[in-house]
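Colleague:
Residue numbers (our numbering), protein chains in the order written: chain F, 776 to 1129; chain E, 2 to 357.
1) Just checking: is the beta-carbon of residue 132 of chain E within a distance shorter than 8 Å of some beta-carbon in chain F?
2) Using a C-beta to C-beta distance shorter than 8 Å, which residues of chain E count as neighbours of residue 950 of chain F?
3) Indicate whether at least one CB of chain E lies closer than 8 Å to the CB of residue 940 of chain F.
4) Can you pull out the residues from the region 1027 to 1060 of chain F whose beta carbon lies closer than 8 Å to at least one beta carbon of chain E?
5) Here's a check: name, in chain order, each residue in its chain whose Cβ is nearer than 7 Å to the Cβ of residue 344 of chain E, leaving out the five neighbours to either side.
6) Could you check which residue in E:113, E:32, E:133, E:36 has the C-alpha nearest to that of residue 84 of chain E?
7) Quick one: grab the DSSP three-state call for residue 344 of chain E.
8) Based on DSSP bridge pairs, tell me the residues matched to residue 266 of chain E.
9) For residue 936 of chain F, return the contacting residues in chain E, with the cut-off set at a CB-CB distance below 8 Å.
10) Is there a Cβ from chain F that is less than 8 Å from the Cβ of residue 118 of chain E?
11) I'd like to confirm the pairing. Which residues does DSSP put opposite residue 71 of chain E in its beta bridges?
12) Using the beta-carbon of each residue, which ones in chain E are nearer than 7 Å to residue 905 of chain F?
13) Of all Cβ atoms in chain E, is any one closer than 8 Å to the Cβ of residue 865 of chain F?
14) For the alpha helix (DSSP H) that contains residue 56 of chain E, what are its first and last residues?
15) Can you grab the Cα-Cα spacing for the pair residue 23 of chain E / residue 29 of chain E, in whole Å?
16) For residue 1007 of chain F and residue 914 of chain F, I'd like the C-alpha separation in whole angstroms.
17) Identify each residue in the region 61 to 83 of chain E for which the Cβ-Cβ distance to at least one residue of chain F is less than 7 Å, and report them in chain order.
18) If you count every other CB in all the chains shown that lies within 10 Å of the CB of residue 123 of chain E, and 16 or more means buried, which is it?
19) Would a check of beta-carbon distances place residue 1098 of chain F closer than 8 Å to chain E?
20) Using only the alpha-carbon positions, how far apart do residue 25 of chain E and residue 331 of chain E sit?
21) What are the uninterrupted segments assigned as alpha helix (DSSP H) that are 4 or more residues long and contained completely in the region 189 to 265 of chain E, given in chain order?
22) Between the Cα of residue 863 of chain F and those of F:798, F:1055, F:1064, spot the shortest distance and give me the residue it belongs to.
23) Which residues in chain F sit within 9 Å of residue 94 of chain E, going by Cβ to Cβ distance?
24) If we ignore side chains and look at the alpha-carbon of each, how far apart do residue 398 of chain E and residue 117 of chain E end up?
25) Given this structure, state the Cα-to-Cα distance separating residue 1010 of chain F from residue 1016 of chain F, to the nearest angstrom.
26) Going along the chain, which unbroken runs of the alpha helix (DSSP H) with 4 or more residues stay wholly within the region 1079 to 1127 of chain F?
27) If we require 4 or more residues per run, which alpha helix (DSSP H) segments fall completely within the region 806 to 839 of chain F?
28) Determine the closest residue to residue 218 of chain E out of E:53, E:238, E:52, E:180, with distance taken between C-alpha atoms.
29) For residue 777 of chain F, which residues in the same chain have their Cβ closer than 8 Å to its Cβ, ignoring the five residues on either side in sequence?
30) Taking 8 Å as the CB-CB limit, is residue 357 of chain E close to chain F?
31) Does any residue of chain E have a CB that is nearer than 8 Å to the CB of residue 895 of chain F?
32) Candidates F:1024, F:840, F:1061: which alpha carbon is nearest residue 907 of chain F's?
33) I'd like to check one pair, residue 793 of chain F with residue 1118 of chain F: are the Cβ atoms closer than 8 Å?
34) What residues match up with residue 989 of chain F in a beta bridge as DSSP calls it?
35) For residue 40 of chain E, count neighbouring C-beta atoms within 10 Å of its own C-beta (all shown protein chains included) and say buried if the count is 16 or more, exposed if not.
36) Using a Cβ cut-off of 8 Å (strictly closer), state whether residue 885 of chain F contacts chain E.
What follows is the structure, encoded as structure tokens:
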């Protein structure tokens, strides 16, 4: 007989094992879905997860796709660890892109080494400004940050729409909704000739290292952890809660803003209506799949990035609808949340007694 | 003997070469990149109908749907160019820069970009349809069928393509009914059933009894059906979604162009050009006319359709005045393509301002 027993303490081994389990279950469920749709499951999975990264170019595209996801998820982990539910990274990304794009457009006909740092900084500041809104409203007016940050996403997209359709639209562009192309000095340098992977990946790696240091080596990291476990304890210990809330939101906003900079000054090179295919939302899955751990987030961002690439490849070579990529992302999150059950409960085998 | 051997060897080589060329020519593969799902019953749906026509003509095709206009477009294009496709159709404006960028890297692959204006490399062509001709027909019907003299128009984005449509529609409606007013609601989306339905509702509440649209979903005609007003289908024949409301639809018919261009690649006659086809070339098609329309109107529409096709009638024939009463096109003149391509002012009779 099998009995389900509550664990005395959440298991640490299972904490890091369940993401792997979730990915494994997603593969199995994905294979079953492919089979039901009438495709050969193993062939479909091969085109989904192996073919897209089988060559140098494919692998560089994987890194390109994972960079913004990793960067945003690192920022979000600051918020989530400390019990602040920032759902609006997509808005912070968009606003960061707007501010840095605006600066890049100021320099559209100029060259100079100083342009790129200003553009990057502007993006980080833009993201921080935008993230500070839900943070300040939460600390001083007790609003719900989930709602505020989420709603601001749509506001930011409307601002972007307005700018690229109206005042910032390319004067030589027949009124189409896009800005001028940025000058080369406002573009992140490419790392390899012929590949799109750009210097933005170093921003993501720096964020990983810094966040690891903050989480595990600083007093702030400890405070965040305590607040995450119990807000009452944090209060009792005398932590300055308001300051921390604003700080984690600013960090998160800066990371999202930088992700926006990476997109527009990297592969895109201008502002238009669609700077991000919802990276800000997908990064929430990445943050949780990575267990809010910097190294975990690196792996999680690669796994989620491949669902995007795989969906394209599978449609090109096997005519599998591209939207299955989103199904995979949803399944990963679902299985992760479901297998979290194992964190708190365990199966006990009891020999039958006569 | 020796000579005979050489000759037969050479001739068999020649034969082999011709066979190979023929085989290569026949094996042309076409790819299509879509902005939305193939089931949107609007823009993407019609491009996919065009793709199926290419398949029916005996060519292999591939498509990728729901490709965002973000950094992802470039990767999809490169992957298609890299995987043996000879011609790639990119069917949304936002693919313009990625199309030109990837085209530079693959000079042997032909690229066809819809609705754009950049042809930076010899292997990039552009194409679009003169939808405004279809809107001349819709305006004629709307101006005749309205009782309230208020016509609603759900618009997407304030770009020349859309402004041109509003103007062409209004001019035609005024011609049959000088008292009409066109009210515009900007939805700021190409495809969002919720927003589109809301926009249509707002117009109906303001007294509009005919609704035209320049967005892609079927939400507007369905809203019109519910409210008991008339509407027109966009991009595909939307009659089955709102049989009472829909008087006719303007269909985007890409098939003939696609087949033509893919065949041109197969024959080696493909060349760079900018195509802008209308009713005459069959790229813009008017669906069947609803029986609620009086027979003299139906006859008028049929004649107008023929005259637009033959070039006897032009949608923008002077005198045309803007909202302030300034002359845009003089009497007896027609607007040239340059003016049409950059049209960013309303004609007289349109209410409101273009959002800036």
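Note that the Cβ used here is the ideal one computed from N, Cα and C, for glycine as well.
Keep in mind that this is a model prediction, so the values were computed, not measured.
Modeller: The relevant details are as follows:
1) no
2) 159, 160, 161, 343, 345
3) yes
4) 1038, 1041, 1042, 1043, 1044, 1045, 1047, 1048, 1049, 1050, 1051, 1052
5) 161, 164, 165, 168
6) E:32
7) coil
8) Answer is none; residue 266 of chain E lacks a bridge partner.
9) 189
10) yes
11) Answer is none; residue 71 of chain E lacks a bridge partner.
12) By Cβ distance, chain E contributes nothing, its closest Cβ being about 19 Å from residue 905 of chain F, past 7 Å.
13) no
14) 44 to 57
15) With a pLDDT of 46 at residue 23 of chain E, under the threshold of 50, the predicted position of this residue should be treated as unreliable, and no value is reported.
16) 16 Å
17) 63, 65, 66, 67, 69, 70, 71, 72, 73, 75, 76, 77, 80, 81
18) exposed
19) yes
20) Residue confidence is low: residue 25 of chain E scores 48 on pLDDT, short of 50, so the model does not pin down where it sits. No coordinate-derived value is stated.
21) 194 to 206, 220 to 228
22) F:1055
23) 951, 952, 953
24) The displayed coordinates of chain E run from 2 to 357. Any statement about residue 398 of chain E would go beyond what the structure contains.
25) 7 Å
26) 1099 to 1114, 1116 to 1119
27) 816 to 824
28) E:238
29) 1122, 1123, 1124, 1125
30) yes
31) no
32) F:1024
33) yes
34) Answer is none; residue 989 of chain F lacks a bridge partner.
35) exposed
36) no
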